[in-house]
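What follows is a single structure, written as structure tokens, with notes after it.
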Amino acid sequence: MDEAVRDGVAEQRERLMESLRIYGGHYAELSRRFASWLGLHSTDATAVLEIAAAEERGTPLSPARLSERISLSTGATTALLNRLEAAGHITRAREHSDRRIVTLRSGGHIQERADEFFGPLAHRLDAAMSHYPPQFLDQFEAFVADLNATMDSHLSEQDSVASRSPRTPAGRTP
1 MDEAVRDGVA
11 EQRERLMESL
21 RIYGGHYAEL
31 SRRFASWLGL
41 HSTDATAVLE
51 IAAAEERGTP
61 LSPARLSERI
71 SLSTGATTAL
81 LNRLEAAGHI
91 TRAREHSDRR
101 IVTLRSGGHI
111 QERADEFFGP
121 LAHRLDAAMS
131 HYPPQFLDQF
141 EAFVADLNAT
151 MDSHLSEQDS
161 VASRSPRTPA
171 GRTP
């Protein structure tokens with residue numbers, strides 16, 4: 001690849017990454033507002049949304065998978081699930097033939113509340129997306145999937161390197 005093309009790709013990558021950072025900031029703010037609206041800590045609301053979204057996809061989460069998705073330790077996830085279950089926001093069920101496997105389900109009111117909160121935005125996003133041809137949206141969806149796969153791969157490589165590197169208490173390599 002010649003230098004001019006590389007420079008153009010790098011410049012476009014920077015613009016796209018900045019747009020995605022802005023989108024991420026908006027998403028984080030919306031999540032914070034949803035948590036406040038529900039009267040929950042933001043981590044608890046994030047967990048509830050992850051559980052509900054996984055159910056909608058037909059792939060309900062286990063506590064271990066939720067822990068990975070929201071980047072909490074297993075102990076912190078257990079405490080979080082205890083709070084959410086006590087408040088009636090989630091249930092833990094043993095639906096699998098292996099009774100040791102726990103499945104997380106959202107309380108019936110959670111999806112209703114999420115639809116109430118996010119519904120107006122969903123309509124606005126549908127309207128914005130309707131201006132683009134389906135083929136373009138398919139390409140964009142594939143592009144975002146490629147970005148996510150690239151980031152996942154990079155993070156996995158960093159995890160692998162970090163697990164092999166000794167660390168001092170300050171987080172620095174000796």
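In our numbering, the protein residues as written are 1 to 174. By construction, the Cβ of each residue, glycine as well, lies at the ideal position given by its N, Cα and C atoms. Please read all numbers here as calculations on a predicted model, not as lab measurements.
Count Cβ pairs between the segment 109-123 and the segment 58-71 that sit closer than 8 Å; are there 3 or more? no
What first and last residue would you give for the alpha helix (DSSP H) that runs through LEU80? Start at 1 with the first residue of the sequence shown, and residue 80 comes out as number 80. Per DSSP, LEU80 belongs to the alpha helix (DSSP H) from 74-86.
Three-state class that DSSP yields for SER62 in the structure shown: Residue mapping note: residue 62 aligns to position 62 of the sequence shown, counting from 1. Reduced to three states, the DSSP call for SER62 is coil.
Opposite LEU104 in the DSSP bridges: which residues? Here residue 104 is taken as the residue at index 104 of the sequence shown, counted from 1. Note: LEU104 sits in a beta bridge opposite ARG92.
Look at the Cβ atom of HIS144, then the Cβ atom of SER106, and state whether they are nearer than 8 Å. Walking along the sequence shown from the start, residue 144 turns up at place 144. Walking along the sequence shown from the start, residue 106 turns up at place 106. With the sequence shown as reference, residue 144 is identified as Val, and His is not the correct amino acid for it. Taking 8 Å as the Cβ cut-off, VAL144 and SER106 do not qualify as a contacting pair.
Can you look up PRO120 in the DSSP assignment and give me helix, strand or coil? Numbered from its first residue, the sequence shown carries residue 120 at position 120. It is helical.
Check each candidate in THR150, ILE90, ALA10 and name the one with the smallest Cα separation from ALA54. As a first step, residue 54 is located in the sequence shown; it is residue number 54 there, counting from the start. Nearest C-alpha to ALA54: ILE90.
Taking one C-beta from the segment 66-86 and one from the segment 16-34 each time, how about it: are there three or more such pairs within less than 8 Å? no
Considering only the alpha carbon of each residue, which of ASP98, LEU104, ARG99, ARG100 lies closest to ARG92? Walking along the sequence shown from the start, residue 92 turns up at place 92. Comparing Cα positions, the closest option is LEU104.
Runs of 4 residues minimum, wholly inside the segment 126-164: which ones carry the alpha helix (DSSP H) assignment? 134-164
For PRO133, I'd like the list of residues in its chain whose CB is within less than 7 Å of its CB, leaving aside the five on either flank, ordered along the chain. By one-based count along the sequence shown, residue 133 stands at place 133. Answer for PRO133: no residue qualifies.
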